[in-house]
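Single-structure report; data block below.
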Amino acid sequence: MSKRMGLEEAVQSFVKDGDVLTFSGNALHRAPMAFVRELVRQNKQQLQVAKTAAALDVDLLCAFGLMDTVHAGFVSYETKYGLASYYRKAVEAGQVKANEHACYTVICALRGAVMNVPFMPVHGLKYGDLLVENDYFMVVENPFEESAEENPGDEVERVTLVKTIRPDLAVIHAHMCDEEGNAIIHGAQYEDILISRAAKRVVITAETVVKKGKLNSGAEKVDIPGFLVDAVVHVPNGAKPCSCEGKYDVQDMELRTFLETKSMEDLRSWVKTYEKADRSFIGKGRNSGGVRSW
Amino acid sequence: MSKRMGLEEAVQSFVKDGDVLTFSGNALHRAPMAFVRELVRQNKQQLQVAKTAAALDVDLLCAFGLMDTVHAGFVSYETKYGLASYYRKAVEAGQVKANEHACYTVICALRGAVMNVPFMPVHGLKYGDLLVENDYFMVVENPFEESAEENPGDEVERVTLVKTIRPDLAVIHAHMCDEEGNAIIHGAQYEDILISRAAKRVVITAETVVKKGKLNSGAEKVDIPGFLVDAVVHVPNGAKPCSCEGKYDVQDMELRTFLETKSMEDLRSWVKTYEKADRSFIGKGRNSGGVRSW
Amino acid sequence: MVMYEGNVHSTNKEWQISDLMTCVIARLLKDRETVFHGVSSHLPMVAMQLAKQLHAPNLVHLNIPGGVNPTSLRETTYSSAGPDLLRSAESSFSLAEVFDLSMRGKLDVAFLGGIQFDVKGNVNASTIGPYKKPKVRLPGGAGSAVLIPTAKKAIIWRTKHDRRTFVEDVDFVTTRGNLWKIVTPLCVFGYRDGRLMLDAIHPNTTVEEVQENTGFKLQYDHIEYTKAPTREEMGVLRRVDPKNVRSLEF
Amino acid sequence: MVMYEGNVHSTNKEWQISDLMTCVIARLLKDRETVFHGVSSHLPMVAMQLAKQLHAPNLVHLNIPGGVNPTSLRETTYSSAGPDLLRSAESSFSLAEVFDLSMRGKLDVAFLGGIQFDVKGNVNASTIGPYKKPKVRLPGGAGSAVLIPTAKKAIIWRTKHDRRTFVEDVDFVTTRGNLWKIVTPLCVFGYRDGRLMLDAIHPNTTVEEVQENTGFKLQYDHIEYTKAPTREEMGVLRRVDPKNVRSLEF
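For the protein sequence lines, the chains are E, V, B and F, in the order given. Take 2 as the starting number for the first sequence in the working numbering and just add one per residue. Take 2 as the starting number for the second sequence in the working numbering and just add one per residue. Take 5 as the starting number for the third sequence in the working numbering and just add one per residue. Take 5 as the starting number for the fourth sequence in the working numbering and just add one per residue.
Below you can see the structure in the form of structure tokens.
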């Protein structure tokens, strides 16, 4: 059963306003940028994103005013490319809610979704204002420890809980995928396996899509089994201008063009430059313009 | 830094009476039987074992009266080889405590150890006498849900917690390992990766041990990084009579000989037949008897 | 009283009871469902392969060694949890992940065992006699206690059908509720309105015989017979399970 | 007031401030320690490679892409979280696993950032102004809030040393406590008895200059100077980091 579809259809079918999304990769590596740009084109609103360390993905959605809440440990470009200024301005203007996590508490909150429990205990989060200011952290007493009752002098162990985050959709840009969704990621996987299990639905955008049975790899090399996947979208260069291990590195000029945008027009024009490439493959083995075949 | 040592030294150094152990594999597959036999030879007492599905490993320790408590979802041979009768008799005689888990609650209890938290929430365990009879399960109210206070008619969500199990030692029989402990398992890994992270210490017994840098595999193929490992023991056939994927299948005759033991003498004799092979390799590249070299 | 313990032969020469049970189970499985079996589960494992060959080509076969959709059982012998199931699989998905999947409500069918069952749908796989001082210590419920409450459909198969197996009250409730079907050598029970109902009896038996071998009073809406294995089913069955591992438990 | 923001040059021609900071950090690392760095952490990443070449060959280098002990930084450019770190690694160990390791008390050293630090050892990486209505939204503490309390030794490095960075009271406490060292272009702070203490100043500065650039009153037992990079250190440094990524942050 082929799950292939075009990028437009995937965004139409699997994203609605207000959804909680989570994306593959980390910082400027293997973010599913073509999908994020299609969110912009389709003007999906009030989105939430959960990710340990976000950069261009979140910054772009903030630039277009499509973001409601960011659940993350870190939102910034790395050193050379500076801060995520659209995100920053949106938070400072009160348009976007920044739910700051330690990166690990995002991981734990997603583990809660994987296990379908409402919270996850976290050992390390013990001090500071994040515990005070955020209602998604809570400190409880360890119910298995009874020493306090037995020995009133002792203090009962306290345990921090983080509230589970259940993403509506995980979007993962993979290197290779068959038409049923069996996906292979080369090199660093970051939190991709976790999010593929945590989200209610999964869309794979892939550099290469092959027919069923043509992955030519052993079972152990398939990182995401097809039965977890709802849609497969063939988008070569789908992470650009972010990097994709073994395929391309960060596209310095393209990224700088974005970082130097000054107006909504600049932003629209930046997204527009990718439109043809992002949307060039549709499902059923034909492309929209007749130029490339699947 | 080589961590190689002989089997005798590994058991002497890393197991003391009363320890909580956990073993690789599942049922009759890739249990670290050479190590378990050495526990018998060294008469380690009052042991606890945590494992989703145990068979010969637990049955052998019960046969020699070395077991105190078994934390498991299932303890039995598969169909053809019948029940684990030494385990069964020991529990029925009150000599061994059977802490019955769902296999998943063993996994969750070990995840608690990985994350160093005192408990782990479990969605599925909702009904039945396991919850009533065992003090390692507890049902609490979800502290993030306040609807009950706001709407007194609503019931607050209840969440089952399982108490964390922190094994003192994980013993994992791997296919290949370098002398620093970087270990590779071929095929089914069962809960081996989990136990390698959950236990305080890790001993690898391996079919093949190579020098550092000679694994000839990419980083992604190494299942257990060496820095997690405390000792490396070279024991070819170290899972026999259990199976070891790609190397050997269950040794039917050897297993039947064990299952048909009638006396302590039979049992001792069965363990004895493996002694030379189990102990033939020691550390530093020499064998104890001068016959085989590392 | 006819004991069906260990009785693998039917009166029919075309098929055995194990064949019938395998076919009955296969027919319960639908295309695209995610289906899990554990250790000592040869019969359901073969039923899954049979269903895939017949009407459910996209059924997702999940198991303990983590092999998703093993393409063949040719290398399978005494174990339904062996590494052979990963060898020919299309992807890998570990036991821990299968459990997580069921917790998320995404496991369609789980095959589970058990030693004692009562009319209220309680399952015992733990002890005969008190839990802490058992007369008989059973192997344990494996995944039952978390899978029966969470899988969409829990199917129990049991190759014994006698009054010690189907009792008025189990000694210990390893888990309960949300059973979908229990398939035995004599019949198929369903679980409705909090109790086991007789859904169908096999062509080799009678309601009287089933009642004789059951420790509680049978209830049913009307009597239905399961269909004997068809020629096509038997043909495929012999092909997917040439070693007859489906009969190992009998 | 001399601002050390962005000042990569020392008065010395043999080495730059980034070289000195890298060497000072490398000297803090011991053989066999498990050491983690995150994003935007080129300087500690190079310091780890330097330490491995000099006195800590068995140091375990952990990072976000999960490459354990990458053998080379030759392919590393703008990112300290790129897939290149896994390419030449000896095994893989994901970010989630690194955090778990620290929770278990088995991470020896964590390198962490931050924007504001106060005399009581509070770290701010979150906001200037109120958390919910920030004047400036900072990138966030990444792993700090769970790693500073759990790593055996938390080292903070900061390439700016001014009165806006080292303040009497931080605007927001992203995390606190259990700091081990803070390394700046001017000095090394230690954290003892609940406050930052001046452990040592670099050879390119004076106590007066450090005080002038610090928003709280310095306390110290006695003044010690850090040792300038040796010829050997500089030689190895140029070899392990030929592209000078250690200076990227300046």
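The beta-carbon is built from N, C-alpha and C at its ideal position, and this holds for glycine as well.
Whose Cβ in chain F lies nearer than 7 Å to the Cβ of residue i?
i, result
"Gln125/V", "The sequence shown places Gly at residue 125/V, not Gln. Here the premise fails: no neighbours, minimum Cβ distance about 23 Å."
"Tyr128/E", "Pro153, Thr179, Arg180 and Gly181"
"Leu84/E", "Pro143"
So with CB distances below 8 Å, who are the chain B contacts of residue i?
i, result
"Gln190/V", "Gly70 and Ser98"
"His30/V", "Pro69, Ser83, Ala85, Gly86 and Pro87"
"Glu7/V", "Inspection of the sequence shows that residue 7/V is occupied by Gly rather than by Glu. The premise fails here: Gly7/V is roughly 28 Å from chain B at the closest Cβ pair, so nothing lies under 8 Å."
When the cut-off is 7 Å and only beta carbons count, does residue i lie next to chain F?
i, result
"Ala149/E", "With a pLDDT of 49 at Ala149/E, under the threshold of 50, the predicted position of this residue should be treated as unreliable, though the coordinate-derived value follows. Judged by the 7 Å Cβ criterion, Ala149/E is not in contact with chain F."
"Ala220/V", "yes"
"Glu93/E", "yes"
"Ala51/E", "no"
"Ala99/E", "yes"
Applying a beta-carbon distance threshold of less than 8 Å, which residues of chain V neighbour residue i?
i, result
"Asp104/F", "Val115, Met116, Asn117 and Arg198"
"Glu101/F", "Arg198"
"Leu252/B", "Thr80 and Lys81"
Residue i touches chain B at which residues, Cβ-Cβ below 9 Å?
i, result
"Ser244/V", "Ser83, Gly86 and Pro87"
"Asn44/V", "What Asn44/V touches in chain B: nothing, since even the nearest Cβ is about 24 Å away."
Since residue i meets chain E, which of its residues come closer than 9 Å, beta carbon to beta carbon?
i, result
"Asn62/B", "Met2, Glu181 and Phe228"
Under 7 Å, do residue i and residue j count as touching if we go by C-beta distance?
i, j, result
"Val123/F", "Ile132/F", "no"
"Pro87/B", "Gly188/V", "yes"
"Leu195/E", "Leu111/E", "yes"
"Leu32/B", "Asn67/B", "no"
"Gly113/E", "Thr165/E", "yes"
"Val41/E", "Phe65/E", "yes"
"Met34/E", "Ala200/E", "no"
"Glu253/F", "Thr80/E", "yes"
If you measure from the beta carbon of residue i to each beta carbon in chain V, is any gap under 7 Å?
i, result
"Met107/F", "yes"
"Lys164/E", "yes"
"Phe139/E", "The identity of residue 139/E in the sequence shown is Met, whereas the question assumes Phe. By this cut-off, Met139/E is an interface position."
"Gly118/B", "no"
"Ala158/B", "no"
"Ser76/B", "no"
Establish whether the CB of residue i and some CB of chain E are separated by less than 7 Å.
i, result
"Asn143/V", "yes"
"Pro122/V", "yes"
"Ala256/B", "As displayed, chain B neither begins before 5 nor continues past 254, which places residue 256/B out of reach and without an answer."
"Pro143/F", "yes"
"Val43/F", "yes"
Just checking: is the beta-carbon of residue i within a distance shorter than 7 Å of some beta-carbon in chain B?
i, result
"Val223/E", "yes"
Just to make sure I have the definition right: I need the residues of chain E whose C-beta is within less than 8 Å of the C-beta of residue i. Which are they?
i, result
"Glu156/V", "Here the premise fails: no neighbours, minimum Cβ distance about 14 Å."
"Leu90/B", "Ala220 and Glu221"
"Thr38/B", "Phe228"
"Val160/V", "Val118, Pro119 and Phe120"
Name, please, each residue of chain E whose Cβ falls closer than 7 Å to the Cβ of residue i.
i, result
"Phe176/F", "Asp130"
"Ser22/F", "By Cβ distance, chain E contributes nothing, its closest Cβ being about 12 Å from Ser22/F, past 7 Å."
"Lys137/F", "Gly95"
State yes or no: is the C-beta of residue i nearer than 6 Å to some heavy atom of the ligand HEM?
i, result
"Ala32/V", "This structure lacks the ligand HEM, and indeed carries no ligand of any kind."
List the residues of chain B whose Cβ lies closer than 7 Å to the Cβ of residue i, in chain order.
i, result
"Asn27/V", "Ile68 and Ala85"
"Ile173/V", "Within chain B, no residue comes near Ile173/V; the closest Cβ sits about 15 Å away, beyond 7 Å."
*Pair every Cβ in the region 41-59 of chain V with every Cβ in the region 222-237 of chain V, then say whether three or more of these pairs are closer than 8 Å.*
no
*Segment contact, 8 Å Cβ cut-off, at least three pairs: the region 38-47 of chain F with the region 109-127 of chain F*: yes
*Please determine if the region 14-33 of chain V and the region 168-181 of chain V are in contact, where contact requires at least 3 C-beta pairs separated by less than 8 Å.*
yes
*Would you say the region 93-101 of chain E touches the region 176-185 of chain E, given that touching needs at least three Cβ pairs under 8 Å?*
no
_Restricting to runs no shorter than 3 residues, where is the beta strand (DSSP E) found entirely within the region 25-103 of chain B?_
38-40 and 64-66
*Between the region 127-145 of chain V and the region 82-90 of chain V, are three or more C-beta pairs nearer than 8 Å?*
no
_Would you call the region 274-282 of chain V in contact with the region 230-239 of chain V, where contact means no fewer than 3 C-beta pairs closer than 8 Å?_
yes
*asked:* Tell me whether the region 192-200 of chain F and the region 145-157 of chain F touch, counting them as touching only if at least three CB pairs, one residue from each stretch, are closer than 8 Å.
replied: no
*What residue ranges within the region 150-217 of chain F form continuous beta strand (DSSP E) runs of no fewer than 3 residues, ordered along the chain?*
157-161, 183-187, 191-196 and 199-205
*Scan the region 54-116 of chain E and note each continuous beta strand (DSSP E) run of 3 residues or more that stays entirely inside, going in chain order.*
68-76 and 98-101
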